[in-house]
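Chains A and B are the protein sequences, given in the same order. When you line the first sequence up against this note's numbering, it's residues 320 to 585, in that order. When you line the second sequence up against this note's numbering, it's residues 963 to 1297, in that order.
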Amino acid sequence: MLQNNELLKIENLSIAFGGLKAVDQLNFIIHEKEIFGLIGPNGAGKTTVFNCITQFYKPNHGNLYFKNIKDEVINLVDLQVHQVIRQGIVRTFQNVELIRELSIIDNVLIGAHIDFKTGLISQALRLPKAVKEEAIYREKAEGILKKLGIYERKDMLVFGQPYGILKKVELARTFMSDPKLIILDEPAAGLNDVETLQLARTIRQIRDEFNCSVLLVEHDMRLVMDVCDTICAINFGKFLAIGNAKDIQKNPLVQEAYLGKEDEDE
Amino acid sequence: MNIKKLTFKPWMGFILFGVLLGLIPSLAQYTNLVKTSTIVTIGGTLIFAIAALGLNILLGYSGLISLGTAGFMGMAAYLSAYMTVDLGLPFEVSLLVAILLPTILGVLVGLISLKIEGMYLAIATLAVSEILRKTFEEFEFITNGFSGKSARFPQLFGFLQLDRASMYYLIVIMLVIAMLLTYNMMNGQVGRAFNAMRGSESAASAMGVYSLKYRLIAFALATILASLAGVMYVHFIRFAYPSTWNLKLSLDFLAMIVIGGLRSIYGTVLGAFIVFAIPDLFLKQIPFFNQLSYVLNGVLIIVVIMFYPNGLINIGYDLKKIWLKIRKGVENVTK
Ligand SMILES: Nc1ncnc2c1ncn2[C@@H]1O[C@H](COP(=O)(O)OP(=O)(O)OP(=O)(O)O)[C@@H](O)[C@H]1O
Ligand SMILES: [Mg+2]
């Protein structure tokens, strides 16, 4: 079902809410180690595609073939939400989903939830193996926070942190599970220009370091054009075009979809 | 000055806390400051704190409400009284069984929590608790109905007969163990999963937290602690009436954790003292306040929620902050 270097194949994906076809017969393929951008105007169905991949929504039709961490090809549709991360797919949310009452580092540690081998009783008794395991992941989390430049804040509560920091914490959390595919929903929202540049660098770094693919939705076109190897444009849930940054910029269908918006912007 | 500080580990705090609690009866014996009846009140308070700790795991950490704590506690109390008195079983055996059976029921209630939440879960757990209370009234061959069931101070390991004073120590030990284990669990992977479940269901499931599993664990832990409290209660007070295990008691547990501090282990014990010991020890002396403890709890909850949503336990931290500020100010002035 998947060719050699293909990672995720989206086949005839459709989902409707009431009468509204949020995603309609969508097809695209993400390759290994590819940074893939999904773009489209507001309400185009981008987040809905993410929710279908991660099984927050069950698609009405279509298949989502994925080569998981054991190199087996599975259909994501067969999974429950909490099983998706074990296959090697981890995501962020458009409206940051963090635990406000926990510290930044504890939030990041939640990303390693599935990796813990010790059980409840070992943890309750603080058996040496549980202590060691906790220390290993804490160190890993600290390393990630250092890389993202927010290590100094690690013991602060998430509550009250600026939006840009929250976005970074969510990003840090995805790195904890050593995923094969990271899905980012508007990672640059709320970041300033300098931070957005940094983010582009980080995304490439992650790809090279973790050998994973990145699927991202972003309204900041400079970031998308700069960082993505392949871009897929959709509108009203339907496929418009796919290609590299140049192809997409030149594509008349894409220009038309964005036209009204670009006029406003300039 | 550069003296290397001994690192203070959380477990040391719990042990120290236990030692302090353990000193109270000696105060009663060697001074006239504390009366024997006070020991009963404080022992009872610590027992309630054990059950409230369970509710804090459930509500504070996991965000799952229960108004059934009293029912489960009562079930364990009757079971242990029945097994030790009527069946003549060793205390250790009855302790285990009296924890196990309610816990199985608690886990079944946990299954309900998958289908219903919030208000409806509160009502469902209340219903279970009320059914249990009715059962305590009707199943006379175990519970002795309205006349009440009596039990004895336990005998440990078949030869160590406890009395009131030593039973108090057993309660303190159980509380300290419960606090320590709860602390460890809540500050590790399982506790983070509970927090995630409460704080963001989307994040929890995206990070692989299987909510069925963790809801059941939360209910199991809460019921284990409520049952342990029930067993301690019946072998310390040595009597159980059906009317004890009513909605008022379940609401008192709720009050303890809200007033003391959600997700705070010491706060839970503080809450138990405020809700249970203070009215009993002090307010009862004042005739007017005698009937008013109900109202007092209600008012306290409202005040705490409005002005101190993290619970009164944080007053300590805030005072410390103010103290440090003052000291710094004084140092600056003296410089
Ligand atoms: N759970 C839902 N119930 C009903 N309609 C929904 C639901 N989720 C999404 N939709 C609808 O599907 C359409 C696509 O929404 P989606 O959130 O996927 O857009 P988007 O491309 O992510 O937009 P944005 O750029 O604003 O985030 C919208 O019309 C939205 O109202
Ligand atoms: Mg969106």
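We put the CB at the ideal spot given by N, CA and C, even for glycine.
Within chain A, the residues placing a beta-carbon under 8 Å from that of M1147(B) are L439, Q442, A443, ordered along the chain. For L428(A), same chain residues with a beta-carbon under 8 Å away, outside a window of 5 residues either side, are Y456, R457, A460, M495 in chain order. The straight-line gap separating the alpha-carbon atoms of E505(A) and G1192(B) is approximately 52 Å. Going by DSSP, H1197(B) is part of the alpha helix (DSSP H) stretching over 1173-1198. In the three-state reduction of the DSSP assignment, H380(A) falls in the strand class. In chain order, I1027, S1075 place their CB closer than 6 Å to the CB of L1083(B), counting only its own chain and leaving out the 5 sequence neighbours on each side. Taking the C-beta atoms as reference points, F1181(B) is found no nearer than 7 Å to Y1023(B). Shown in chain order are the residues whose CB sits closer than 7 Å to a heavy atom of ligand 2: K365(A), T366(A), Q413(A), D504(A), E505(A), V536(A). In the displayed model, E1054(B) falls within a helix according to three-state DSSP.
G362(A) is not a Cβ neighbour of L332(A), given a cutoff of 7 Å. The secondary-structure analysis by DSSP pairs C551(A) across a beta bridge with L357(A), I561(A). By the Cβ neighbour-count rule, Q480(A) is buried, with 16 or more other Cβ atoms within 10 Å of its own. A distance criterion of 6 Å places the beta-carbon of G1223(B) beyond contact range of ligand 1, judged by its closest non-hydrogen atom. N426(A): member of the alpha helix (DSSP H) spanning 423-429, first to last residue. One finds F375, F412, E416 in chain A with Cβ atoms closer than 8 Å to the Cβ of S1164(B), taken in chain order. Separation of V342(A) and I334(A) (C-alpha to C-alpha, rounded to the nearest whole angstrom) is 5 Å. Note: E330(A) is bridge-paired with N382(A) in the DSSP secondary-structure output. From the beta-carbon of G1170(B), the residues of chain A found nearer than 7 Å are H401, I404, R405, H432, I433.
Each residue's CA atom was taken as its position, placing T969(B) and H401(A) some 39 Å apart. Cβ neighbours of I463(A) within its own chain (closer than 8 Å, five residues either side excluded): V427, A491, F494, M495. DSSP, read as helix, strand or coil, puts D504(A) in strand. Between the stretch 344-361 of chain A and the stretch 534-544 of chain A there are three or more inter-stretch CB-CB distances shorter than 8 Å, so the stretches are counted as touching.
Apart from the 5 residues on each side of it in sequence, L1174(B) sits with its Cβ closer than 7 Å to the Cβ of L1076 in its chain, given in chain order. Neighbours of L1143(B) in chain A, taken as residues whose beta carbon is under 7 Å from its own, are A443 in chain order.
H350(A) is bridged by DSSP to E325(A).
Here L510(A) is actually not in contact with K473(A); their C-beta atoms are around 20 Å apart, not less than 8 Å. The three-state reading of DSSP puts S1075(B) in coil, since its state is none of H, G, I, E or B. Residue contact check for V1152(B) against chain A: a CB pair falls below 7 Å.
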